[in-house]
Each structure stands twice: as structure tokens, then as C-alpha cells.
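**Student:** Pasting in a structure now, in C-alpha cells, and then I'll have a few things to ask.
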Amino acid sequence: MAFVNYSVPDDVKEAFNIAFAGKNKSAVIADLMREAVENELRRRIHRTATEAIMRRGETPFVAVETASNDFATARK
């Protein structure tokens, strides 16, 4: 087990103590940290995937008239 020491504002400490009164606060903090890590990793994966999609080549600009004609031709 590691020992971690963080400073938090007094109002956050008080609210935490009230919300988790009677609970193992070390376990609560560990669970919250696990959740934060999972959320951050999920955000990074999402961001990386989004950037990869955006980099899949620049799509050329198509004028509305050209697109309309192409769709009209395709329907025939």
C-alpha cells in the first residue's frame, strides 16, 4: 500500500467527511481515484479515436449543385 498526501480546500474536506461518515475513507478515496483513472483513460482513447477519424484524409469540397446532380444521376 502506498501513502498519498493531498491538500484539499476545507469545504471539500468537510463535505467529504459528511457524505462518507462511517465509511472507510481510504477505501472511498481509492475507489474514486480508480474511477478517475478509468474516466481519463476512456477520454484519451476517445480523443485518439476522434483525431484518427479526423485525419483520414481531407474530403474534397463538393459544391451543392454538383452533389445534387450526382444524386439525381444516381437515382436514375
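Mapping to my numbering: the sequence shown position 11 is 109, numbers consecutive. Quick reminder that beta carbons are idealized off the backbone N, C-alpha and C, glycines included. Given the structure is predicted, the values throughout are model-derived calculations rather than measurements.
#1: What residue does the alpha helix (DSSP H) around Met-131 start on, and which one ends it?
#2: Where does the unbroken alpha helix (DSSP H) through Lys-115 begin, and where does it stop?
#3: My understanding is that Val-106 touches Phe-118, with C-beta atoms under 8 Å, so please give their C-beta distance in whole angstroms.
**Tutor:** The answer reads as follows:
#1: 123–152
#2: A quick correction: the sequence has Asn, not Lys, at residue 115. Start and end: 108–117.
#3: Between Phe-118 and Val-106 the Cβ distance is about 13 Å, and since that is not below 8 Å, they are no contact.
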